[in-house]
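A short write-up of the structure that comes next.
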Amino acid sequence: MSQLLNPATHGDDHPKSYYVATAHPMPEHPSLTGEVHGQVCVVGGGFSGVNTALELAERGFDVVLLEARRIGWGASGRNGGQLLRGIGHGTEPFRKVIGDEGVAAIDAMGFESVELVRERITRYDIDCDLRMGYCDLANKPAHMKAFAEEKDWLQQQGYPHHVELVPRERLREVVGSTRYCGGMIDMGCGHLHPLNLLLGEAAAAVKLGVKIYEKSPVTRVERQADERYLVHTAEGTVQAEKVVLCGNAYVQGLHPVLEGKVLPAGSYVVATEPLPESTCQRLLPGNHAVCDQRVDLDYYRLTPDRRLLFGGLCTYSGRDPKDIRAALRPNIKRVFPALGEVKLDYAWGGMIGIGANRMPQIGRLPDGIYHAQAYSGHGLNATHMAARVLAETISQESQRIDVFNRIPHMTFPGGRKLRSPLLALGMLYYRMKDLL
Ligand SMILES: Cc1cc2nc3c(=O)[nH]c(=O)nc-3n(C[C@H](O)[C@H](O)[C@H](O)COP(=O)(O)OP(=O)(O)OC[C@H]3O[C@@H](n4cnc5c(N)ncnc54)[C@H](O)[C@@H]3O)c2cc1C
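Taking our numbering, I'd label the letters of the sequence shown as residues 596 to 1031.
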């Protein structure tokens, strides 16, 4: 098992990263001992869990949140920080199942999700380096054709933000690389410091009365005769009317049904030393976050202290690369050969939760347990939307969850040991297609 997957080898504290080095103070929360009560018990202290707790507390619920390690220890505190619209990776394949209305509802939530993050930052005055501006990069002409169609679609939907196709001749205005044949700027998307966003959200939740316990891995969820739940950790229990599981790719051993539908895949990020202003101007003159279109995609952006934060390298084997810097450096060189042997000050990775159909799994299981997971690498916005939808359901404010509940999610074959190698094989097929 990889170091990043296994807390026994990785420890309970945050792995070293640019985000941890530049984080606001991280108050420690106690670990759970004895018995506590709450109307809702949320498991997992990433964006999904913290925002579900926050949304519920905003609605007056008494909430207990249990995190196995520290707030933001999982993907939420380690990601690329790209705030992108959309839920999942396209709604069209689901039209037969959820109909035109269902597709329209999820598409609308794909826009709402980004506005929700922006609102939250404003409402709770969270300092997390939010910067609007994103550009999708085309690896081949077919991608430009797809961008043009998407731009038209956005216009039809009344998308209020500036969207612009950038042909190859003008791409230097966005990215100083000859690797791409064009791009599409979207000023409704952007980038931010994810760990500081999450810490701000957790602080807001605590102010509203949420009781957070860290270093409190949940070992068992028991449904009692009166339909309430007893949530067990090593040294304590939470009595709650409702339970929401938000462990995502790290949810091992807790709920076999949920675990079988989410596959952990590693993604890795490096941050360079601070670069001269002139270099930053050459690399990303508009300070956009960018991303290419391959299965093994490169995603990168600048930080406020002028580092290139560069991510990619998806692994499905369950093992981390031996040396993340050495593994990612060739990718940086392919994009920016002139950067040469730039010093990489930070290197880290985290686990993405992949679902077979790449649509987030948001719903309620027959055992009454609510959950949100499997954002397939596109979760910064979608976690916030999932949290809102779950809180609306629990407070009986809306039934927006129904559209997600109607989408079936396959259980990966092969059990815990064989799932990853099988996915690795499947992904090899898509990588070969990219190469061709
Ligand atoms: C390297 C990387 C780069 C990424 N880049 C982007 C990006 O740029 N843009 C984007 O939109 N998305 C990105 N993603 C995806 C995004 O980060 C995730 O979709 C999102 O953070 C998922 O949030 P979450 O709260 O569901 O899960 P997580 O943040 O993983 O949190 C789950 C938490 O649950 C806890 N937990 C698990 N089991 C238990 C238990 N039994 N008891 C108690 N606690 C438990 C874990 O300790 C963990 O803290 C990236 C992901 C990675 C790994």
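For every residue, glycine included, the Cβ atom is placed at its ideal position computed from N, Cα and C.
### Message
For N882 and R680, I'd like the C-alpha separation in whole angstroms.
### Response
Sequence index remark: in the sequence shown, residue 882 carries index 287 (1-based). Sequence index remark: in the sequence shown, residue 680 carries index 85 (1-based). Between N882 and R680, the C-alpha separation is close to 18 Å.
### Task
Run the CB neighbour count on P762, radius 10 Å, all protein chains shown included, and call it buried at 16 or more, exposed below.
Position 167 of the sequence shown holds residue 762. Exposed: under 16 other Cβ atoms inside 10 Å.
#### Entry: Integer-rounded CB distance, given that Y824 should sit under 8 Å from R815
Residue numbering aside, residue 815 sits at position 220 when the sequence shown is read from its first letter. Residue numbering aside, residue 824 sits at position 229 when the sequence shown is read from its first letter. No, R815 and Y824 are not in contact; Cβ-Cβ is about 10 Å, not under 8 Å.
### Query
Identify the residues that DSSP records as bridge partners of Y808: which are they?
Counting from 1 along the sequence shown, the entry for residue 808 is found at position 213. Paired residues: L661.
### Task
Determine the extent of the alpha helix (DSSP H) in which D997 is found, giving its start and end residues.
Here the question's residue 997 lines up with position 402 in the sequence shown. I996 to N1000 is the extent of the alpha helix (DSSP H) around D997.
### Query
Where does S862 sit, in a helix, a strand or coil, going by DSSP?
Numbered from 1 along the sequence shown, position 267 holds the residue referred to as residue 862. Three-state DSSP puts S862 in a strand.
### Message
On the DSSP letters alone, give me the boundaries of the alpha helix (DSSP H) that K928 sits inside.
### Response
Walking along the sequence shown from the start, residue 928 turns up at place 333. Counting along the chain, the alpha helix (DSSP H) containing K928 begins and ends at I919 to V930.
### Query
For ligand 1, any of its heavy atoms closer than 7 Å to the Cβ of F706?
The sequence position of residue 706 within the sequence shown is 111, counting from 1. Not so, every heavy atom of ligand 1 lies at least 7 Å from the Cβ.
### Query
Do G842 and ligand 1 come close, with the Cβ less than 7 Å from some heavy atom?
The count along the sequence shown starts at 1 and reaches residue 842 at position 247. Flag set: Cβ of G842 near ligand 1.
### Query
Looking at A648 and R995, is the spacing between their C-beta atoms short of 8 Å?
In the sequence shown, residue 995 corresponds to position 400, counting from 1. In the sequence shown, residue 648 corresponds to position 53, counting from 1. Going by C-beta atoms, R995 is not nearer than 8 Å to A648.
### Task
Compute the beta-carbon to beta-carbon distance between L853 and V864, rounded to the nearest angstrom, for a pair I have assumed lies under 8 Å.
Position 258 of the sequence shown, counted from the start, is the residue given in the question as residue 853. Position 269 of the sequence shown, counted from the start, is the residue given in the question as residue 864. Between V864 and L853 the Cβ distance is about 26 Å, and since that is not below 8 Å, they are no contact.
### Task
Give, in chain order, every unbroken run of the alpha helix (DSSP H) that is at least 4 residues long and sits entirely within the segment 743-799.
none
### Message
Helix, strand or coil for A951? Go by DSSP, reduced to three states.
### Response
Counted from its first residue, the sequence shown places residue 951 at position 356. Correct three-state label for A951: coil.
### Query
Expressed to the nearest angstrom, what Euclidean distance is found between the alpha-carbon atoms of E707 and L985?
Along the sequence shown, read from residue 1 onward, the residue named residue 707 stands at position 112. Along the sequence shown, read from residue 1 onward, the residue named residue 985 stands at position 390. Roughly 15 Å separates the two Cα atoms.
### Task
Leaving aside the five residues before and after D887 along the sequence, list all residues of the same chain whose C-beta is less than 6 Å from its C-beta, in chain order.
By 1-based counting over the sequence shown, the position of residue 887 is 292. So the qualifying residues of the chain are L732, N734 and D893.
### Query
Mind checking Y614: buried by the 16 CB within 10 Å criterion, or exposed?
As a working mapping, residue 614 is identified with position 19 in the sequence shown. Burial call: buried.
### Task
Could you spell out the range, first to last residue, of the beta strand (DSSP E) harbouring H957?
Translated into positions along the sequence shown, residue 957 becomes position 362. The sequence shown places Ile at residue 957, not His. Taken as a continuous stretch (DSSP letters only), the beta strand (DSSP E) holding I957 covers Q956 to R959.
### Query
Out of curiosity, what's the CA-to-CA distance linking T628 and E830?
To locate residue 628, count along the sequence shown from 1; it is residue 33. To locate residue 830, count along the sequence shown from 1; it is residue 235. T628 and E830: Cα-Cα distance of roughly 5 Å.
### DSSP-derived helix/strand/coil call for Q819
For the purposes of this step, residue 819 is identified with residue 224 of the sequence shown, where counting begins at 1. Coil.
### Task
State the Cα-Cα distance for the pair I721 and E650, rounded to the nearest angstrom.
As a working note, residue 721 is residue 126 in the sequence shown. As a working note, residue 650 is residue 55 in the sequence shown. In a straight line, the C-alpha of I721 is about 16 Å away from that of E650.
### Task
Please go through the same chain and pick out, in chain order, the residues whose beta-carbon is closer than 6 Å to the beta-carbon of D608, but skip the five residues on each side of it.
Taking the first residue of the sequence shown as 1, we reach residue 608 at position 13. If we look at D608 and ignore the five residues flanking it on each side, it has no Cβ neighbours.
#### Entry: C-beta atoms of G785 and G728 nearer than 8 Å
Numbered from 1 along the sequence shown, position 190 holds the residue referred to as residue 785. Numbered from 1 along the sequence shown, position 133 holds the residue referred to as residue 728. Taking 8 Å as the Cβ cut-off, G785 and G728 qualify as a contacting pair.
### Query
What residue does the beta strand (DSSP E) around L825 start on, and which one ends it?
On the sequence shown, residue 825 is found 230 positions in, with the first residue counted as 1. Y824 to T828 is the extent of the beta strand (DSSP E) around L825.
### Task
Identify whether V546 lies in helix, strand or coil by the three-state DSSP scheme.
Nothing about residue 546 can be read from this structure; the chain reaches only from 596 to 1031.
### Query
Considering only C-alpha positions, which residue in the set V813, G907, P925 and L934 is nearest to S873?
To locate residue 873, count along the sequence shown from 1; it is residue 278. The candidate whose alpha carbon is nearest that of S873 is L934.
#### Entry: Rounded separation between G1115 and K746 - CA only
No answer is possible for residue 1115: it lies beyond the span of the chain, which begins at 596 and ends at 1031.
### Query
Which of helix, strand or coil does DSSP assign to T686?
Position 91 of the sequence shown, counting from 1, holds the residue named residue 686. Coil.
### Message
Suppose the cutoff is 7 Å on Cβ atoms and the five residues either side in sequence are ignored; what does the same chain contact list for L678 look like?
### Response
In the sequence shown, residue 678 corresponds to position 83, counting from 1. Closer than 7 Å at Cβ, skipping near neighbours: V709, V712, C784, G785, H786, L787, L975 and N976.
### Query
To the nearest whole angstrom, what separates the beta carbons of G855 and T1006, a pair I think is in contact under 8 Å?
Locating residue 855 in the sequence shown gives position 260, counting from the first residue. Locating residue 1006 in the sequence shown gives position 411, counting from the first residue. Yes, they are in contact, since the Cβ atoms of G855 and T1006 sit about 4 Å apart, within 8 Å.
### Query
According to DSSP, what are the bridge partners of H632?
Residue mapping note: residue 632 aligns to position 37 of the sequence shown, counting from 1. DSSP output for H632 lists Q834 as bridge partner(s).
### Task
Can you give me the start and stop residues for the beta strand (DSSP E) that M727 sits inside?
Against the sequence shown, residue 727 aligns to sequence position 132. Residues R726 to L732.
#### Entry: For I919 and A942, believed in contact at Cβ under 8 Å, the rounded distance
For this step, residue 942 is matched to residue 347 along the sequence shown. For this step, residue 919 is matched to residue 324 along the sequence shown. That belief holds up - the Cβ atoms of A942 and I919 are roughly 4 Å apart, short of 8 Å.
### Task
Name the two residues that bound the continuous alpha helix (DSSP H) containing G644.
As a working mapping, residue 644 is identified with position 49 in the sequence shown. Note, G644: alpha helix (DSSP H), F642 to E653.
### Message
One question on the structure: do V833 and L661 come within less than 8 Å of each other, judged by their Cβ atoms?
### Response
If you number the sequence shown from 1, residue 833 lands on position 238. If you number the sequence shown from 1, residue 661 lands on position 66. In this structure, L661 lies closer than 8 Å to V833 by Cβ.
### Query
If you compare alpha carbons, which of F999, Q634 and R983 is closest to V805?
Numbered from its first residue, the sequence shown carries residue 805 at position 210. When each option's Cα is compared against that of V805, the closest is Q634.
### Query
Does the segment 763-770 touch the segment 794-809, meaning 3 or more C-beta pairs lie closer than 8 Å?
no
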